[in-house]
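All the letters of the sequence shown, read from the start, carry residue numbers 33 to 323 under my numbering. Let me begin by presenting the structure, written as structure tokens, before commenting on it.
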Amino acid sequence: MLLNLLRIGETEMKKLLISIGKALFYFLVYFAVQFAFILGYVILLMVIGKIDIMSGDVQKVQDQMQKYVMGNVVAVTVVTNTLTILAFLLITLIRKHKIKEAFYLNHVPARSVILIMILGIILNFTVSYGMDFFSRISPAFEKSMKNYQEYSSFMQDSSLLPLVILTVVSAPLTEEILLRCFIFKKIKNGMPQAIAVIITSITFGLLHGQILWAAYAAVLGSILNIVFIKYDSLYANLSMHFAFNAASFIVVPALYDVTTVVEGIILGICSVISVTFIILILTKKRTPKIL
Numbered sequence: 033m034l035l036n037l038l039r040i041g042e043t044e045m046k047k048l049l050i051s052i053g054k055a056l057f058y059f060l061v062y063f064a065v066q067f068a069f070i071l072g073y074v075i076l077l078m079v080i081g082k083i084d085i086m087s088g089d090v091q092k093v094q095d096q097m098q099k100y101v102m103g104n105v106v107a108v109t110v111v112t113n114t115l116t117i118l119a120f121l122l123i124t125l126i127r128k129h130k131i132k133e134a135f136y137l138n139h140v141p142a143r144s145v146i147l148i149m150i151l152g153i154i155l156n157f158t159v160s161y162g163m164d165f166f167s168r169i170s171p172a173f174e175k176s177m178k179n180y181q182e183y184s185s186f187m188q189d190s191s192l193l194p195l196v197i198l199t200v201v202s203a204p205l206t207e208e209i210l211l212r213c214f215i216f217k218k219i220k221n222g223m224p225q226a227i228a229v230i231i232t233s234i235t236f237g238l239l240h241g242q243i244l245w246a247a248y249a250a251v252l253g254s255i256l257n258i259v260f261i262k263y264d265s266l267y268a269n270l271s272m273h274f275a276f277n278a279a280s281f282i283v284v285p286a287l288y289d290v291t292t293v294v295e296g297i298i299l300g301i302c303s304v305i306s307v308t309f310i311i312l313i314l315t316k317k318r319t320p321k322i323l
């Protein structure tokens, strides 16, 4: 019996290591594509003389890097995200896996899509009003909020169209394919589902960098994991992620000019609605189908 237990333990450990290895592989692909493109872009800028490293003037080089690299960070990120998705598609084809199965392109009923999108919008309300509300009543949170605004200011300086493409389409598509279709599904095969949810959610948060951004992204990531578990479909996650990010442009800015009390009431209402919608999603039965 002891020998059998050891064999089971060895099998489970091997399964765990394999699942982690597969997840890490896709992470490495993601970061490798990002690094390779940015490196190539910087080299190109040097070749055409936009970045003059031969001048020996460190400050001048830093200013040029700031202007041509950080100044175009939105466009650069859209390109690297596109290349990352193409890399994932290529890997899937090389491994002779079906695209629809590998990317979980399972059918989601229209009513469910609407439900999920409304949840995404309400969650954006909850996060946006929550951060603003607590920054008003807590000096410590106010400092974090200012740091968050400074951290995200590089995007606000970009043109509207590229910013919308990145925020509403490119980033959600890349993140959902990476974190849900590959990372979550891979590590779930070697560990309890709850632990896989926690790991993927924290990873999603860490990818957003700044502590406040990372905190709410981790919470959002856990809800996105719940949606993915329930529907087993990339379409479902994209619907919620698209709606959440789009709400920042469409809905939230128009409602910021309110008093602290009114904002607190709105935050409470949005929180209750969000919880209600999450419960509805959790309790809704669905049989996945592949289109």
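Ideal placement from N, C-alpha and C gives every residue a C-beta, glycine not left out.
Ranked by Cα distance from L238, the first of I227, A250, I230 is A250. Rounded to the nearest whole angstrom, the C-alpha separation of F309 and A275 is 14 Å.
With respect to A119, V74 sits apart: the two C-beta atoms are not nearer than 7 Å. Assignment of N138 by DSSP, reduced to helix, strand and coil, places it in the strand class. DSSP places S170 outside both helix and strand once states are collapsed to three, so it counts as coil.
Only residues of its own chain outside the window of five on either side were considered, and among them K218 have a CB closer than 6 Å to the CB of K54, listed in chain order.
About 6 Å separates the beta carbon of G296 from that of F165, a gap short enough to meet the 8 Å contact definition. Counting the other CB atoms within 10 Å of its CB gives P204 a total of 16 or more, which places it among the buried residues. Within the same chain, N221, G222 come within 8 Å of K47 by CB-CB distance, once the 5 residues on both sides are set aside. The beta carbon of S202 lies closer than 6 Å to those of V110, N113 in the same chain, with the five residues before and after it left out.
Contact holds between the stretch 259-269 and the stretch 123-137, because three or more Cβ pairs, one in each stretch, are under 8 Å apart.
Contact annotation, I154 with S306: C-beta distance approximately 5 Å; criterion of less than 8 Å satisfied. L210 is not a Cβ neighbour of T232, given a cutoff of 7 Å. Approximately 6 Å separates the beta-carbon atoms of I131 and T124; this is inside 8 Å, confirming the contact. For a cut-off of 8 Å, the C-beta gap from D84 to Q98 is around 14 Å, too long to register as a contact. For P194, the enclosing alpha helix (DSSP H) begins and ends at 192-196. Secondary structure of H129 (DSSP, three-state): coil. Residue state for N221 is assigned as coil, using DSSP reduced to three classes. The Cβ atoms of Y100 and L77 lie closer than 7 Å to each other. Judged by beta-carbon spacing, V294 lies beyond the 7 Å limit of N257, meaning their Cβ atoms are not closer than that value. In the three-state scheme derived from DSSP, where H, G and I count as helix and E and B as strand, T291 is classed as coil.
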